[in-house]
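Take a look at the structure set out below.
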Amino acid sequence: MSEERERSAFVWRMVFLGFLFVVSLFALGRELYRIQVVESRAYSSSQQRQSVRRVLLPAPRGRIFDREGVCMADNRPSYCIAFFIEEMRRPGKWKNTIDAVDARIDELSVKLGIPRQISREDIERHVYRQLPLPLLVWQNVDDGILARFSELITSESGMDVYVQPERYYPLGRAGAHLLGYVGRDKPVSPTNEVTHYNVMGMKGRSGVELARNDVLSGIPGGKLITVDVSGYRHSETNRPPIAGKDVQLTVIARLQELCERVVGDRKASVVAIDPRNGDVLALVSTPSFDPNEMSPAVPTALWRRLQDDPLRPLLNRAVTGVYPPGSTFKPVVALAALSSGVSPSITFDCSGVYTLGSMKLRCAARNGHGPAIGMRKAIEVSCNPYFCSLGVHAGMDNMAAFIREFGFGRRTGVGLGGEAAALLPDDAWKRRRFKGEGWRPGDTANLSIGQGYMLATPIQMAMYAGALANCGTLFKPRLYSDEAVAVANEIDVPKGYWEIVRGGMYDVVNAHRGGGRRARVPGIAVAAKTGTAEYGPRSKRKKHTWMIAFAPFDKPTIALAVLVEDGESGGLTAAPVVAAVLREYFGVDDVANIEDANLSEYDQPHEVEAVDGDATAPAVGEGAANED
-10 MSEERERSAF VWRMVFLGFL FVVSLFALGR ELYRIQVVES RAYSSSQQRQ
40 SVRRVLLPAP RGRIFDREGV CMADNRPSYC IAFFIEEMRR PGKWKNTIDA
90 VDARIDELSV KLGIPRQISR EDIERHVYRQ LPLPLLVWQN VDDGILARFS
140 ELITSESGMD VYVQPERYYP LGRAGAHLLG YVGRDKPVSP TNEVTHYNVM
190 GMKGRSGVEL ARNDVLSGIP GGKLITVDVS GYRHSETNRP PIAGKDVQLT
240 VIARLQELCE RVVGDRKASV VAIDPRNGDV LALVSTPSFD PNEMSPAVPT
290 ALWRRLQDDP LRPLLNRAVT GVYPPGSTFK PVVALAALSS GVSPSITFDC
340 SGVYTLGSMK LRCAARNGHG PAIGMRKAIE VSCNPYFCSL GVHAGMDNMA
390 AFIREFGFGR RTGVGLGGEA AALLPDDAWK RRRFKGEGWR PGDTANLSIG
440 QGYMLATPIQ MAMYAGALAN CGTLFKPRLY SDEAVAVANE IDVPKGYWEI
490 VRGGMYDVVN AHRGGGRRAR VPGIAVAAKT GTAEYGPRSK RKKHTWMIAF
540 APFDKPTIAL AVLVEDGESG GLTAAPVVAA VLREYFGVDD VANIEDANLS
590 EYDQPHEVEA VDGDATAPAV GEGAANED
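Quick note, the sequence shown lines up with residues -10 to 617 if you use this note's numbering.
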């Protein structure tokens, strides 16, 4: 009986164990089903995150060309010495590998005769954050060092020459403010996917490089790297990037270089356009900088030197600099007065000084231009009293709206960052600026000769010159060849008015004693207007010198504005620059024989007299004078 009980107990134990086995198998199967079927996507994603690393690869940057196909911004290879840490791994902790890499860099630095470029902290940062990527130990290495490096590592793994693209500007300083420069930056994923590593690419920092960065940058590629638990690479899969598109400008590279060469290191700007469609032919600001020294990263010492330079080489004077236009403003004042109803035959006397209350503005002609001077002659000789009288006679209220039609007081939309709107003042502006103080006749007199509160940029002045050249079509400046020609405004002025104003500008250059005769070009009929605007304290007056011009007179194909800060006069300083630009543009080799000794009386400096306290005198720029 005892034996039967034992047998029965054994059977029940076996049944119980079998039941537990079945239940366990069921639980295991249920858990496997949950992991492999129900939650397979989550676990697969987690496993992929731990074993696969995404690397974003920058695309080759597009190039920049001028209208004639000359490359103005290109890419060139930059040779680097790279360490592949995976192949230099040492047993034990990461510190062992980092120590070995750091010591090897010191050894190579001595053998190659070049200083270190990276610190131990850079090595640690790379190991912990970007281990599968090459560590760039030396960048921009020359051929001699590369040759010595190749001899030293013939049998050593973990080191190699690595090539990365670098931006190159063939024009150097001549295209700096126009083209801008680039800096190293992370590429932007087109799909916003999460990436673990980024190979640094290039991003525009200023100029065309910044304005057209989206086009030039292209579409980044990708790389999937399979790594083990230690972070070491085992395999990789590539998705090639799509190169950036090239950008073609409307500028002429040789004209750009010529302008830079002519003005030298003076504080100056030259903007040339095609008055038939608004194409920008040259856009120069000096002094400048070499964008090749700014890429791929601006050295701290260079940046400080440029920022501290009193000549302000980082300022793009062509689009950001604002200046009183001086007598170059007189043609639009004449047109504004005529359009307000002033008779084309109106005359004023010039005794050599214009008096308004206690304010006195002297003319460039010490003894005056005589009685009954007409409008065309007043433009030719740049008569201050005539234009002061004309502006006050017409009234600012009648002229302001017309002057705005030439684009003054607003941005031209040239397609470069930092463009200034400058200032066309009026009664409403003055009341806002000076707490209710209204516009006075003295303000009008000052504005009528391009002084006082009036400010303009060189790009505005070039577009204004273009509108004078083509008789009333103000174009939006077109800097990029893929942009459509755009008209900013059509200025409705009777033909006879254009003949008076343009005729006066023709005489400025071509009359026997014209103040702009230094802008003459053999065989080319040039029309122009000089300007010299004073600024600064009365005891230390300085001058901004201008000339606007267009040619050929009958069918203009080029219009330009030249500004030279702290010059002598528009006729002496700016006019020769205009002549040089036009000779290059038209391919004229001869240089007109103009003797500097034969100076017009209008080139001579003069003084200004003003008496404080008169209610009609302008509060700022009081008694400012123009000399052409």
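Glycine included, C-beta positions come from ideal geometry on N, C-alpha and C. All of these numbers come straight from a predicted model, not from anything done at the bench.
- Taking the C-beta atoms as reference points, Gly315 is found nearer than 8 Å to Gly520.
- Between the region 151 to 171 and the region 237 to 250 there are three or more inter-stretch CB-CB distances shorter than 8 Å, so the stretches are counted as touching.
- Membership of Asp555 in any alpha helix (DSSP H) is not indicated, and neither H nor E is assigned to it by DSSP.
- Within the region 310 to 334, the runs of alpha helix (DSSP H) at least 4 residues long that lie entirely inside it are, in chain order, 319 to 328.
- Listed in chain order, the alpha helix (DSSP H) elements of length 4 or more contained wholly in the region 392 to 446 are 416 to 422, 430 to 437.
- In terms of Cα proximity to Glu57, the closest of Ile103, Val236, Gly398, Ala514 is Val236.
- Considered as a whole, the region 93 to 154 harbours 124 to 127 as its complete beta strand (DSSP E) runs of no fewer than 3 residues, in chain order.
- The Cβ-Cβ distance between Ala548 and Pro264 falls below 8 Å.
- Contact between Val553 and Thr562 holds, since their C-beta atoms are separated by about 5 Å, short of 8 Å.
- Taken atom to atom, the span from the alpha-carbon of Leu168 to that of Val322 is near 35 Å.
- Judged by DSSP secondary structure, Gly485 falls within the alpha helix (DSSP H) whose first and last residues are 484 to 499.
- Take Arg393, set aside five residues on each side of it, and the residues of its chain with a beta-carbon closer than 8 Å to its own are Arg399, Leu413, in chain order.
- Taking the CA atoms as reference points, Pro280 sits about 15 Å from Arg301.
- Between Val482 and Phe464, the CB-CB gap reaches or exceeds 8 Å.
- In this structure, Thr336 is the residue among Thr336, Ser347, Cys377 with its C-alpha nearest to the C-alpha of Pro360.
- Excluding sequence positions up to five before and after Gln449, its CB lies within less than 7 Å of the CB of Gly396, Phe397, Thr401, Ala411, all in the same chain and listed in chain order.
- Counting along the chain, the unbroken beta strand (DSSP E) around Phe539 starts and ends at 531 to 540.
- Ranking Ile208, Lys100, Val150, Leu135 by CA distance to the CA of Lys175 puts Ile208 first.
- Around Arg293, the same chain offers no residue with a beta carbon nearer than 7 Å, after the five sequence neighbours per side are excluded.
- If you draw a 10 Å sphere on the C-beta of Ser334, you find fewer than 16 other C-beta atoms in it, and that means exposed.
- In this model, Ile53 and Tyr151 are separated by some 26 Å (Cα to Cα).
- In the DSSP secondary-structure assignment, Ala516 is bridged to Phe539.
- Cβ neighbours of Pro229 within its own chain (closer than 7 Å, five residues either side excluded): Gly210.
- Going by C-alpha positions, His358 is about 39 Å away from Gln245.
- Taking 8 Å as the cut-off, the Cβ atoms of Ala445 and Ala508 do not count as close.
- Gln153 counts as buried, since no fewer than 16 other beta carbons sit within 10 angstroms of its beta carbon.
- The closest CA to that of Arg79, considering only Asn305, Val171, Gln296, Val116, is found on Val116.
- Beta-bridge partners assigned by DSSP to Ser258: Ser274, Leu552.
- A direct Cα-to-Cα measurement between Ile438 and Trp418 gives close to 19 Å.
- With a cutoff of 8 Å on beta-carbon distance, Glu369 and Gly485 are scored as not near each other.
- By the beta-carbon neighbour count (other beta carbons within 10 angstroms, threshold 16), Thr433 is buried.
- Under DSSP, the beta-bridge partners assigned to Glu523 are Lys532.
- Your pair Gly196 and Leu205 does not check out as a contact, with CB atoms roughly 11 Å apart and the cut at 8 Å.
- Annotation: Phe15 to Trp1 spans about 21 Å, alpha carbon to alpha carbon.
- Here the alpha carbon of Trp487 sits roughly 8 Å from the alpha carbon of Leu457.
- Tyr524 and Pro104 have their C-alpha atoms some 50 Å from each other.
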